[in-house]
Amino acid sequence: MTDPTVRCERCERPYPADLPGCPNCRRIRQTNIAIATTMVLLVLFAIGGWFGIQVFTGFSTGGTP
């Protein structure tokens, strides 16, 4: 006897009915979360680096001293 399967309503891929959700869509969501987290960290590091350079150079405006 075969295991009962259901089709995902998003990607139309069959998966075992005993799983809580589609493993393909779950993997895609995990990847999207990792990408979003990386982008947020990149922005924070860029802002932190810019602010660090400003502190290191004494917030100079490039004009007359």
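Each residue of the sequence shown is one higher than the last, beginning at 157 in the numbering used here.
Heads up, the beta-carbon is just placed ideally off N, CA and C, and yes, glycines get one too.
Residue i, DSSP secondary structure in three states
i: T158; result: coil
i: R166; result: coil
i: P176; result: coil
Where the alpha helix (DSSP H) containing residue i begins and where it ends
i: L200; result: P179 to F212
Exposed unless 16 or more other CB atoms sit within 10 angstroms - verdict on residue i
i: C167; result: exposed
C-alpha distance - residue i paired with residue j, whole-angstrom precision
i: R169; j: I189; result: 22 Å
i: W206; j: R183; result: 35 Å
i: Y171; j: V196; result: 33 Å
i: T193; j: E165; result: 27 Å
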